[in-house]
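K.L.:
In my numbering, the protein residues as written are 120 to 227. Cβ coordinates follow ideal geometry from the N, Cα and C atoms, glycine included. It should be emphasised that the depicted structure is a prediction, and the values quoted were computed from it without experimental measurement. Quick one: the structure is below, and I'll ask about it shortly.
Okay, structure coming up:
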């Protein structure tokens, strides 16, 4: 992968009987998201939004992994509820000017 893309569909992962969002490596790199970047996670209108320019006073998560293999790993009961019966999710990347977000929407 050498060119950024705006959208990709991924399969829901399962870890210890809980749903898991797993985005890694070239998918993040090509869209200029790297390890140690902090983001605020929120759910709005059945979509999870990872906002990289959120106010610094709010609790943030960060992209894990290494410089050559960044990883976003979000799991747990809340994610299982977020997915419902859906088995896939659409990931939309925005990285331009003062807007840097990743939007995740469960799909069938």
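First and last residue of the beta strand (DSSP E) that includes residue 202?
P.N.:
Premise fails: residue 202 lies in the alpha helix (DSSP H), 196-202, not in any beta strand (DSSP E).
K.L.:
Among 153, 195, 131 and 168, which one has its Cα closest to the Cα of residue 207?
P.N.:
Nearest C-alpha to residue 207: 131.
K.L.:
Mind checking which residues open and close the alpha helix (DSSP H) that includes residue 218?
P.N.:
Here residue 218 belongs to no alpha helix (DSSP H); instead the beta strand (DSSP E) covers 218-226.
K.L.:
Just tell me which of 135, 126 and 140 has its CA closest to the CA of residue 205.
P.N.:
Minimum Cα distance to residue 205 is reached at 140.
K.L.:
Quick check on this structure: which residue in 145, 164 and 157 has the alpha carbon closest to the alpha carbon of residue 170?
P.N.:
Considering only alpha carbons, the answer is 157.
K.L.:
Please look up how many angstroms separate the CB atoms of residue 134 and residue 197, rounded, as I've assumed it's under 8 Å.
P.N.:
Not a contact, Cβ separation roughly 14 Å.
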